[in-house]
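Which chain is which? The protein sequence lines are A and B, in order.
Numbering-wise, the numbering used here puts 186 at position 186 of the first sequence, and it's gapless, one number per residue.
Numbers in the numbering used here are just positions in the second sequence, counted from 1, shifted up by 1000.
Backbone N, C-alpha and C define an ideal beta-carbon position, used for all residues, glycine too.
2 protein chains.
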Amino acid sequence: MILRTTPCIKAITTAGALAERLRNEINAGRWTVGETLRQEELASEFAVSRIPIREALAQLHAEGLIVVEHYRGARIKGLEPLQVEELFDLRLLIEGDLLRRAIPAHTKASVRRLQLIQTQLRHEENRLGWIASDRAFHEALYAPADRPQSLALLGQLRAPVERFSLQQLSPRARQREWDQEHRALISAAAARDTDTALAAIKKHLDGTRAIVLAAACSPQEE
Amino acid sequence: MILRTTPCIKAITTAGALAERLRNEINAGRWTVGETLRQEELASEFAVSRIPIREALAQLHAEGLIVVEHYRGARIKGLEPLQVEELFDLRLLIEGDLLRRAIPAHTKASVRRLQLIQTQLRHEENRLGWIASDRAFHEALYAPADRPQSLALLGQLRAPVERFSLQQLSPRARQREWDQEHRALISAAAARDTDTALAAIKKHLDGTRAIVLAAACSPQEE
DNA sequence: TTTTCAAAAATTGGATACAATTATTCAATG
DNA sequence: CATTGAATAATTGTATCCAATTTTTGAAAA
C-alpha cells in the first residue's frame, strides 16, 4: 500500500483539476466581482471541450465562488457586508467549538507541526501559497478535534471569503498582526489553554473580517 | 413585478428539476445505501440525455447525498454513527444560534404561520410531503432571525440526514412526540421565551438523532 | 438625438457519438 | 473445483454538433 506524502489532494478528474485551477485563478484575482466566465474561452485556454468546463463551474458554484444564471453564464460572486458579518459569526461559532475540542487534544507533535506551517507561512511570498499555508495552519490547529464534518463545513465558510482576505495582503502591518495572532494560537495550544485560544481566535477572526469587509465593498448581485 | 406566492422554488433548469426529482426519490428510499445510480438508466427514465443527469448528480454530490467515484458511478451515501453525532452537534450549535436571534423577533403573524404549517404537518400522510412540511416548519421558525447564510448551512446539515429521519416515520409514538416538540417550540416562540425554546430544540434534535442513528446503521463506503 | 424593434451574432443548454476505464464472462490452467 | 487472465460487455468521461436563449447591432421612427 502506497501512502501519499504530499498534503495536496490530486484531482484525477479533469473537471476536478479544472475546478482547482479556476479556483486559484479566482483567488489570484484574475476576474473582478460580477465578471462573467465564458465557457468557450476557458475551454480553448485549457484545450478541452466545454463539458468538463461546465462541470468545473458547477463545482465552483457549489463552493459559493460564482453565481450561475440560466442561459446567462457564470459570474464571480461578490459579498454584501451583511453576508460577511454572518459568515464570520458562523466561523466563530464553529471554530470556537473546534478549538474547545482540539486544544485539550493537542500534543507536542501537533504543536510542532503548527510551528512548522507557521514558519513556512511567514516566508510565503506568493499570494496563492499564502492562502494554502493559512488553510493548512487552521486545519492543523483543528485536526486534533477529529471532527471531519465540522472541518468540511468550515471550508465552505472560508471559500467565498479567501478571495478577499488575501487581496489586502500587501499591508505588512496586518501581515505582522496575522503572524502574532497565529503565534498566540500556537502557544495557547502548547499550554492547552482553551480560554486563551478562544480569545485569540476571536481576535484573529475579527481582524480578518475587517480586511474582508474593506475588500468586498462592491454592491453586486444575488 | 410578480410576487411568487408558493414557497417552492421552481427549477427552471432541467438539471435542477432532475436533481429535485432524484432527491425526492432518494428520500423516498428508492435506492438503498451503497447502491449505484446508473446514468443511462436515469436518462432513459426521464427521457433526457446523460448530460443533464450528470449535472443533477453533481448537485446531489455537493449536497452530500451521493458519493461519486471516477469511472465508477454515483452511489447512495451512508452515514457512520460518528458522522451522525457530529452532524447533530453542529445542528444544535447553529439552530441554537438561530433560535437565540429568531425568538425575540417572532411576531403574532410569524407564530400564526408556524401553527398553520404544524397543522398541515400533522395531517401529512405522504413521506415526502412530511419532509417538506418539516423543512418549512424549521425555516419559518428561524426566518425572523434573518440569517440566510445560516439557513443555507443548516440545509446542508439536514440534507444527508432527511433520508433516515423519515424512514422510521411509522412509529406513531415518535410522530406524536415530534408533534409535541414542535408545539413546545411554537409556544416558546409565542411567549418569546428563548431559554425554553433552546431546551425544546435540544430535546427535538436529540430525539431525531436517535431515530437517524437507528436507521443509519449500515457500514458502507468512502 | 434618443428610442424602438427586428435581425444577426454570441452564448449557453442538451443530444448524439466516440474514447477511456471498469466490470464481467468464460475458457484455460493448476 | 478454484483461480487466473484475456476477450467482451457495460459504464462513465469527453468532444462535436444542434437547439434554445440572450445579447448586440443597426436602421427606422419619434
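Original post:
A:D206 CB to nearest chain B CB: under 8 Å?
Top reply: no
Original post:
In terms of DSSP beta bridges, what is A:V67 paired with?
Top reply: A:R75
Original post:
So what's A:L154 in DSSP terms, helix, strand or just coil?
Top reply: helix
Original post:
Taking Cβ positions only, does B:T1194 come closer than 8 Å to chain A?
Top reply: no
Subject >> the stretch 67-81 of chain A / the stretch 169-184 of chain A touching (three or more Cβ pairs under 8 Å) >> reply: Too few Cβ pairs lie closer than 8 Å, so no.
Subject >> Nearest to A:R147 (by Cα), restricted to the options A:T36, A:R209, A:K203, A:D97 >> reply: Among A:T36, A:R209, A:K203, A:D97, the Cα nearest to that of A:R147 is on A:D97.
**OP:** Decide if A:K223 is buried, meaning its Cβ has at least 16 other Cβ atoms within 10 Å, or exposed.
**Re:** The structure shown does not extend to residue 223 of chain A, since chain A spans only 1 to 222, so no value can be given for it.
Subject >> Neighbour-count burial assignment, A:P81, 16 or more Cβ in a 10 Å radius >> reply: exposed
**OP:** Assign B:D1206 to one of two classes, buried (16 or more other C-beta atoms within 10 Å of its C-beta) or exposed (fewer than that).
**Re:** exposed
Original post:
If we count Cβ pairs, one from each stretch, closer than 8 Å, do we get three or more for the stretch 99-119 of chain A versus the stretch 182-189 of chain A?
Top reply: The way I'd put it, the stretch 99-119 of chain A does touch the stretch 182-189 of chain A; three or more beta-carbon pairs between them come closer than 8 Å.
Subject >> 7 Å Cβ cut-off: residues of chain B touching A:T13 >> reply: H1070
Original post:
Going by other Cβ atoms of all chains shown within 10 Å of its Cβ, with 16 needed for buried, is A:N27 buried or exposed?
Top reply: buried
**OP:** Give the single residue among A:G29, A:R72, A:E63, A:L151 whose Cα lies nearest to the Cα of A:T36.
**Re:** A:R72
Original post:
Can you tell me the Cα-Cα spacing of B:D1089 and B:P1144, whole angstroms?
Top reply: Cα atoms of B:D1089 and B:P1144: separation of roughly 23 Å, rounded to the nearest angstrom.
Original post:
Would B:E1162 be called buried (16 or more neighbouring beta carbons within 10 Å of its own) or exposed?
Top reply: buried
Subject >> Selection of the stretch 133-159 of chain A by Cβ proximity to chain B, strictly under 7 Å >> reply: R147, Q149, S150, L153
**OP:** Would you decide whether A:S133 is buried or exposed? Buried here means 16 or more other CB atoms lie within 10 Å of its CB.
**Re:** Buried is the call here.
Original post:
Hey, how far is the Cα of A:E139 from the Cα of B:F1046?
Top reply: 42 Å
Original post:
Quick one, which residues of the stretch 1072-1093 of chain B are near chain A if we go by CB-CB under 7 Å, in chain order?
Top reply: Q1083, E1086, L1087, L1090, L1093
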